[in-house]
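K.L.:
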Amino acid sequence: MASETLDSLLSPGPTCKRSATTRPTWGVFAKRAEALQRSIALAQRTSRRKDLLDRLVIGGVTLSTLVAHPHDVPPQIEAAFALAYPGLAASASFSDAVARMSSAELSGLVAGVKGKLFELQLVDYLNSGCSSCGYKQVSLSRLPSQVGIWW
0 MASETLDSLL SPGPTCKRSA TTRPTWGVFA KRAEALQRSI ALAQRTSRRK DLLDRLVIGG
60 VTLSTLVAHP HDVPPQIEAA FALAYPGLAA SASFSDAVAR MSSAELSGLV AGVKGKLFEL
120 QLVDYLNSGC SSCGYKQVSL SRLPSQVGIW W
């Protein structure tokens with residue numbers, strides 16, 4: 000849940016080293032995050048699908064946008080979906096799966112795809128010449144349920 004909220008709120012900005020002038024804004028940020036978390040939870044409990052699609056975000060795009068424009072789903076999201084849910088991806092695209100799922104199922108799907116998307120980005124980062132990492136070649140496990148990254 001927190002992952003969806005943060006994706007909905009975060010935008011490109013200062014790095015982890017915050018200046019004294021930006022620190023006071025984190026209280027406002029925290030209040031917005033809490034309000035968005037409450038609205039996502041309410042949409043799930045009341046099965047308000049449209050509200051949920053408008054609030055859940057993956058790859059910086061709301062699910063409602065991805066469902067409305069299925070041909071615009073970024074290839075990274077489709078790849079993460081296919082790796083996280085190979086059985087489902089064999090018969091449906093990511094936007095088709097989102098369109099067919101109930102409100103209760105959507106958060107789990109988004110969390111699974113986000114997790115796989117993170118793994119793919121981490122592998123790319125580690126293989127891109129991260130000299131301080133010490134890994135020569137990193138790859139994802141061939142099994143979707145196997146824990147860990149292999150090198």
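Counted from 1, the sequence shown has number 57 at position 58 by numbering that gives the first Met the number 0; the numbering is strictly sequential.
Just so it is clear, CB atoms sit at the ideal spot from N, CA and C, and this is done for glycine as well.
By how many angstroms is the C-alpha of LEU139 removed from the C-alpha of GLU118?
P.N.:
Position 119 of the sequence shown holds residue 118. Position 140 of the sequence shown holds residue 139. So the two alpha carbons sit approximately 8 Å from each other.
K.L.:
Which class does SER101 belong to by DSSP, given the choice of helix, strand or coil?
P.N.:
For this step, residue 101 is matched to residue 102 along the sequence shown. Correct three-state label for SER101: coil.
K.L.:
Could you check which residue in ALA98, LEU51 and ALA78 has the C-alpha nearest to that of GLY111?
P.N.:
On the sequence shown, residue 111 is found 112 positions in, with the first residue counted as 1. With distances taken between Cα atoms, GLY111 lies closest to ALA78.
K.L.:
Helix, strand or coil: how does DSSP classify VAL122 here?
P.N.:
Within the sequence shown, residue 122 is the residue found at index 123, counting from 1. Looking at VAL122 - three-state DSSP - the assignment turns out to be helix.
K.L.:
Within 10 angstroms of its Cβ, does ARG54 collect 16 or more other Cβ (buried), or is it exposed?
P.N.:
Locating residue 54 in the sequence shown gives position 55, counting from the first residue. Burial call: buried.
K.L.:
Would the beta-carbon of LEU82 fall within 8 Å of that of LYS49?
P.N.:
Here residue 82 is taken as the residue at index 83 of the sequence shown, counted from 1. Here residue 49 is taken as the residue at index 50 of the sequence shown, counted from 1. Result no, Cβ atoms of LEU82 and LYS49 do not sit closer than 8 Å.
K.L.:
Leaving aside the five residues before and after PRO73 along the sequence, list all residues of the same chain whose C-beta is less than 6 Å from its C-beta, in chain order.
P.N.:
Sequence index remark: in the sequence shown, residue 73 carries index 74 (1-based). Contacts found: GLY58.
K.L.:
Would you kindly work out how many angstroms separate the C-alpha atoms of LEU125 and VAL137, rounded to a whole number?
P.N.:
Start at 1 with the first residue of the sequence shown, and residue 125 comes out as number 126. Start at 1 with the first residue of the sequence shown, and residue 137 comes out as number 138. Computed Cα separation, rounded: 7 Å.
K.L.:
DSSP three-state label for VAL72, please.
P.N.:
Working through the sequence shown from its first residue, we reach residue 72 at position 73. The answer is coil: DSSP assigns VAL72 none of H, G, I, E or B.
K.L.:
Beta carbon of SER94, beta carbon of VAL66: below 8 Å?
P.N.:
On the sequence shown, position 95 is the one that residue 94 refers to. On the sequence shown, position 67 is the one that residue 66 refers to. It is a contact, given that the beta carbons lie within the stated cut-off.
K.L.:
From LEU105 to GLY128, what distance separates their C-alpha atoms?
P.N.:
For the purposes of this step, residue 105 is taken as the residue at position 106 of the sequence shown. For the purposes of this step, residue 128 is taken as the residue at position 129 of the sequence shown. Rounded to whole angstroms, LEU105 to GLY128 spans 36 Å at the Cα level.
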